[in-house]
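S.K.:
Residue numbers (this note's numbering): 2 to 157.
1. Contact check, residue 102 vs residue 113 under 8 Å by CB: the rounded distance?
2. Measure the alpha-carbon distance for residue 73 versus residue 93 and round it to whole angstroms.
3. When you compare each of 143, 21 and 109 to residue 124 by their alpha carbons, which one comes out closest?
4. With contact counted as at least three CB pairs below 8 Å, one residue from each stretch, are the segment 14 to 30 and the segment 81 to 89 in contact?
5. I need the DSSP call for residue 20, collapsed to helix, strand or coil.
6. From the DSSP output, read off the bridge partner residues of residue 125.
7. Pick from 80, 61 and 42: whose alpha carbon is nearest that of residue 111?
8. Could you check where the beta strand (DSSP E) with residue 146 kicks off and where it finishes?
As structure tokens, then:
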């Protein structure tokens with residue numbers, strides 16, 4: 002192989018790798034939920050006010066289910082999610098009923114589409130799995146906002 006042929010082979014190989022990488026990135030971007038950004042409620046409200054999020058945007062929203070806000074109707078449910086600063090009205094219309102561990106005053110992470118105002122149509126709901134667990138994303142965001150409430154010692 003001459004020097005010219007080696008250079009052409011190297012350039013073509015590099016271009017093939019580049020096209021493959023771009024193709025994989027495009028494919029990953031087309032997958033549902035691939036780039037859903039995580040927000041806690043007050044951050045989502047701020048993004049809406051700054052027009053960074055609009056109705057129809059897909060997001061992951063974390064927070065705590067407000068006490069007294071849960072209303073169930075078959076597999077559909079409506080409730081409010083808060084970080085103690087701001088609240089979102091959530092309508093869950095999933096294919097399955099809410100998780101068994103889902104209840105008021107517990108941490109959740111929701112994936113769905115923003116509606117008008119401060120509302121979210123959730124497709125998936127992930128609830129905490131025991132009395133002491135808070136989804137890491139929610140706990141971190143609440144701590145950063147200064148609204149994290151540590152569990153009281155001896156509380157059951």
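Built from N, CA and C at the ideal position, the CB exists for glycine as well. Since this is a predicted model, take the numbers as computed values, not measurements.
M.R.: Based on what the coordinates show:
1. Wrong, their Cβ atoms sit about 19 Å apart, outside the cutoff.
2. 9 Å
3. 109
4. no
5. helix
6. 112
7. 61
8. It is not in any beta strand (DSSP E) - residue 146 instead sits in the alpha helix (DSSP H) that spans 137 to 146.
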